[in-house]
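**Student:** Structure in structure tokens, see below.
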Amino acid sequence: MRSGGASVAPERVTGAQSVVRTLEELGVEVVFGIPGGAVLPVYDPLLDSTKVRHVLVRHEQGAGHAATGYAQVAGKAGVMMATSGPGATNLVTPLADAQMDSVPVVAITGQVGRALIGTDGFQEADISGITMPITKHNFLVSSAADIPRTIAEAFYIAESGRPGAVLVDIPKDILQAQTTFSWPPQFDLPGYRPVTRPHGKQIREAARLIQQAKQPVLYVGGGVIKSEASAELMELAELTGIPVVTTLMARGAFPDSHPQHMGMPGMHGTVGAVAALQRSDLLITLGARFDDRVTGQLDSFAPDAKVIHADIDPAEIGKNRDVDVPIVGDAQAVIVDLIEALRAEHATGGSKPDLAAWWEYLSDIRSRFPLSYDGQSDGSLSPEFVIQQLGEIAGPDAVYVAGVGQHQMWAAQFVKYEKPRTWLNSGGLGTMGYSVPAAMGAKAAAPEKEVWAIDGDGCFQMTNQELATCAIEGIPIKVALINNGNLGMVRQWQTLFYDERYSNTDLATHSRMIPDFVKLGEALGCVSMRVEREEDVAPAIAKAREINDRPVLIDFIVGKDAQVWPMVAAGTGNDEIMAARDIRPLFDDEESAGGPVEVHEVMNGKDSL
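Numbering-wise (the UniProt record's numbering), the sequence shown opens with residue 1 and increments by one.
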């Protein structure tokens, strides 16, 4: 139980005071929110709290993403607060986002008084009903005496097992009622018993398959980061010599610089990582969920591979892919037990698998198809160059927070991640507007760290008002705005699949300079600058790094035609990966004159082991 303090003798308080006291006892440091009528009773005692800092955001969506960013860096639940009706419904997107990416957050919302519930009262919305499908659990408090227990249970549910989003809705009359506060409360969660320790028999069977495999892959998902298992993963990888791929949510779980790391798999993953999965005979899946962006067309994904699937959520095992060895448990506990079982195998005469031929094949692919990019045909700044420079200059200790779209993929590809909790993004829901408020939450969780929001001009215009929050609250994030004048990823799809019919993707940030992001940034309290030439990129980043008393915005004007490669088109299989625009996804046996068909041949087994 997350108690955060010693026992507290009973005392008379209001329901609202009970909320604040509970947050204090739980060790909550920061709450992101906006007051309003139904939740106003909480904001009065919150003013007197010396333990809980409240950050007044400009939009409730910003509060939600900030709570998520906080949680992803701090490794504990982030907290958002809003009033009833539209305040609560503005939390729907960040709650769904956090739930999809297994991020622990707790939302506390005010509700109209109990007498008004169901009458369509002013600012009434059934937020418990609305969020039921997109939260791990939610509560509608029916008695002021239940507040400490309910909020404590919300934190426990959010942080334990597979982390997720929990909402606590409290009617206004309950917040105003007199009650008794005491600590700690007694939990009442019948049936909620997440399994964290794996079953020994399954561990032994997994070790047996690993010993027999000729072409195994460690397929690593975000669960490894959430269970703080990066050190154990390193030990397992080096013990076995098995190649590692890390999903979009697992970037940083295993160092990019490690020779066993094949990179990120999936729709825009490295050719080496995709090939490793496709040609594998054993997938050792740790805290990943066989997401469609990784598997592509599911029935053609890793067709010859047996599957070990370890996940703390039993509902994920076998959901998308049949499993040979299912293991329910926390990733750290699973890896520790696997290491022990493998060492026992080795101690009793079992030899390590000979993976020389497998590594020869993968190393050849990795060398032939490295991540790369071409300069822009019109001479404009390449977005990949900007992001690569940022990663090299800011380094592996910085925290990088991406929006959604092309810039997100380039940030996942061209920044080198060496440590967990240094890469934040909206993976499952793909939420535009995530970056700036999530970076704000990340900086609040780790004020000593350098935090960069890598955002696109489309995403940025959804939540940039939170830069004003950062300026006022003393949260000096830095924003690298990848401004290509368009909704870039949508435009890329229109280029490839809609005959270059660019319907409603031009944002006019290039053609008409609306808005002027430098002026906008300055108006929001930032130091702002614009960069259009390659030689100015590094000096601008260096200057931004020297400014730590306010937010910084760099408007990088980049080419509109840059595209994200490699790419597995939606609805196709990973065998059809394209390494560049001029590589067709499918080829006949004959090569077109000078046509680069190597990727297709590799992925379809023409290059034998």
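Cβ atoms here follow ideal geometry from the backbone N, Cα and C, with glycine treated the same way. Since we're looking at a predicted model, the values are computed, not measured.
1) Would you report the Cα separation of Q465 and L524, rounded to the nearest angstrom?
2) Just verifying my parser: in three-state terms, what is the DSSP assignment at K478?
3) Three or more beta-carbon pairs under 8 Å between the region 103-111 and the region 66-78, yes or no?
4) To which residues of the same chain is V451 closer than 6 Å at the C-beta, ignoring the five residues directly before and after it?
5) Let me know the secondary structure DSSP gives G200 once reduced to three states.
6) Considering only the beta carbon of each residue, do T50 and P148 sit closer than 7 Å?
7) Look at the alpha carbon of M470 and the alpha carbon of G405, and state the distance between them as a whole number of angstroms.
8) Touch check for the region 292-308 and the region 161-181: three-plus C-beta pairs under 8 Å?
9) Rounded to whole angstroms, what's the CA-CA distance from A66 to F32? Just pull it up for me.
10) Rounded to a whole number of angstroms, what is the C-alpha to C-alpha distance between A538 and L553?
11) Please say whether S143 and Q215 have beta carbons closer to each other than 7 Å?
12) Exposed or buried, E546, counting other C-beta atoms within 10 Å across all chains shown (16 or more means buried)?
13) Kindly identify the DSSP beta-bridge partner or partners of G33.
14) Using only CA atoms, which one of D516, P370, V307, F155 lies nearest to V28?
15) Are there 16 or more other CB atoms within 10 angstroms of the CB of Q178, so buried, or fewer, so exposed?
16) Express the C-alpha separation of P326 and H309 in angstroms, rounding to a whole number.
17) Output yes or no for whether 7 Å exceeds the beta carbon distance between P198 and V8.
18) Could you check the C-alpha separation between T14 and F122 for me, to the nearest Å?
19) Quick check: what's the CA-CA separation for S511 versus G485?
20) Just to confirm the assignment, what range does the alpha helix (DSSP H) spanning V564 have?
21) Over what stretch of residues does the alpha helix (DSSP H) that includes G87 continue unbroken?
22) Quick check on DSSP: helix, strand or coil for S608?
23) Looking at C-alpha atoms only, which residue of D378, E522, A562 is the closest neighbour of T495?
24) Quick test of the definition: if touching needs 3 or more C-beta pairs under 8 Å, does the region 259-277 touch the region 356-373?
25) Once the 5 residues before and after V20 are set aside, which same chain residues still bring their CB inside 6 Å of it?
26) Once the 5 residues before and after G427 are set aside, which same chain residues still bring their CB inside 6 Å of it?
27) Do you know whose CA, among C526, T240, R501, lies nearest R550's CA?
28) What ranges does the alpha helix (DSSP H) occupy inside the region 390-477, keeping only unbroken runs of at least 4 residues that lie completely in it?
29) Can you look up E11 in the DSSP assignment and give me helix, strand or coil?
30) I need the DSSP call for M489, collapsed to helix, strand or coil.
31) Inspect the beta-carbon positions of residue 615 and I225 and report whether they are closer than 7 Å.
32) Could you check the C-alpha separation between Q332 and A237 for me, to the nearest Å?
33) Using the C-alpha atoms, what's the distance from P185 back to A152?
34) Can you name, in chain order, every residue of its own chain whose Cβ lies under 7 Å from the Cβ of A445, other than the five neighbours on each side?
35) Which of helix, strand or coil does DSSP assign to S182?
36) Between the C-alpha atoms of G329 and R491, what's the straight-line distance to the nearest angstrom?
**Tutor:** Quick answer:
1) Mapped onto the sequence shown, residue 465 falls at position 465. Mapped onto the sequence shown, residue 524 falls at position 524. So the alpha carbons of these two residues sit roughly 7 Å apart.
2) Here the question's residue 478 lines up with position 478 in the sequence shown. Three-state DSSP puts K478 in a strand.
3) yes
4) Working through the sequence shown from its first residue, we reach residue 451 at position 451. Answer for V451: V399, A439, A442, K443, I477, listed in chain order.
5) As a working mapping, residue 200 is identified with position 200 in the sequence shown. Helix.
6) Against the sequence shown, residue 50 aligns to sequence position 50. Against the sequence shown, residue 148 aligns to sequence position 148. Not in contact: T50 and P148 (Cβ atoms no closer than 7 Å).
7) Within the sequence shown, the letter at position 470 stands for residue 470. Within the sequence shown, the letter at position 405 stands for residue 405. Looking at the sequence itself, residue 470 is Cys, so the reference to Met does not match. Cα to Cα, the separation comes out at about 24 Å.
8) no
9) Position 66 of the sequence shown, counted from the first residue, corresponds to residue 66. Position 32 of the sequence shown, counted from the first residue, corresponds to residue 32. Their backbone Cα atoms lie some 7 Å apart in a straight line.
10) For this step, residue 538 is matched to residue 538 along the sequence shown. For this step, residue 553 is matched to residue 553 along the sequence shown. Distance between the alpha carbons of A538 and L553 is about 14 Å.
11) Residue 215 sits at position 215 when you count from the first residue of the sequence shown. Residue 143 sits at position 143 when you count from the first residue of the sequence shown. In this structure, S143 does not lie closer than 7 Å to Q215 by Cβ.
12) Taking the sequence shown and counting its residues from 1, one reaches residue 546 at position 546. The residue is exposed, with fewer than 16 neighbouring Cβ atoms inside 10 Å.
13) On the sequence shown, residue 33 is found 33 positions in, with the first residue counted as 1. Note: G33 sits in a beta bridge opposite L56, M81.
14) Within the sequence shown, numbered from 1, the residue matching residue 28 stands at position 28. Here the closest residue by C-alpha is F155.
15) As a working mapping, residue 178 is identified with position 178 in the sequence shown. The residue is exposed, with fewer than 16 neighbouring Cβ atoms inside 10 Å.
16) Here residue 309 refers to the residue found at position 309 when the sequence shown is read from its first residue. Here residue 326 refers to the residue found at position 326 when the sequence shown is read from its first residue. The alpha-carbon atoms of H309 and P326 are separated by roughly 5 Å.
17) Translated into positions along the sequence shown, residue 198 becomes position 198. Translated into positions along the sequence shown, residue 8 becomes position 8. No. Outside cutoff.
18) The residue given as residue 14 occupies position 14 in the sequence shown. The residue given as residue 122 occupies position 122 in the sequence shown. Looking at the two C-alpha atoms, the distance is approximately 23 Å.
19) Taking the first residue of the sequence shown as 1, we reach residue 511 at position 511. Taking the first residue of the sequence shown as 1, we reach residue 485 at position 485. Their backbone Cα atoms lie some 8 Å apart in a straight line.
20) If you number the sequence shown from 1, residue 564 lands on position 564. Element bounds for V564: n/a, residue is neither H nor E.
21) Residue numbering aside, residue 87 sits at position 87 when the sequence shown is read from its first letter. Segment 86-89, the alpha helix (DSSP H) holding G87.
22) Within the sequence shown, numbered from 1, the residue matching residue 608 stands at position 608. Confidence is the limiting factor: at S608 the pLDDT is only 46, short of 50, which leaves the residue's position unreliable and the question unanswerable from this model.
23) Counted from its first residue, the sequence shown places residue 495 at position 495. The shortest C-alpha separation from T495 is found at A562.
24) yes
25) For the purposes of this step, residue 20 is taken as residue 20 along the sequence shown, with counting starting at 1. So the list reads P45, L46, S49, once near-sequence residues are dropped.
26) Counting from one through the sequence shown, the residue named residue 427 turns up at place 427. Counting only Cβ-Cβ distances below 6 Å, and skipping sequence neighbours, we find D101, L248, M249.
27) In the sequence shown, the residue the question calls residue 550 occupies position 550. Here the closest residue by C-alpha is C526.
28) 406-414, 435-445, 457-463, 466-473
29) As a position in the sequence shown, residue 11 is number 11, starting the count at 1. Here E11 sits in strand by DSSP.
30) Walking along the sequence shown from the start, residue 489 turns up at place 489. Looking at M489 - three-state DSSP - the assignment turns out to be helix.
31) The first residue shown for the chain is 1 and the last is 609, placing residue 615 beyond what the model contains.
32) As a position in the sequence shown, residue 332 is number 332, starting the count at 1. As a position in the sequence shown, residue 237 is number 237, starting the count at 1. Looking at the two C-alpha atoms, the distance is approximately 13 Å.
33) Along the sequence shown, read from residue 1 onward, the residue named residue 152 stands at position 152. Along the sequence shown, read from residue 1 onward, the residue named residue 185 stands at position 185. Approximately 8 Å, taken between the alpha carbons.
34) As a position in the sequence shown, residue 445 is number 445, starting the count at 1. These residues qualify, in order along the chain: Y70, V73, A74.
35) Counting from 1 along the sequence shown, the entry for residue 182 is found at position 182. In the structure shown, S182 sits in a strand (DSSP, three-state: E or B).
36) Start at 1 with the first residue of the sequence shown, and residue 329 comes out as number 329. Start at 1 with the first residue of the sequence shown, and residue 491 comes out as number 491. For G329 and R491, the distance between alpha carbons rounds to 42 Å.
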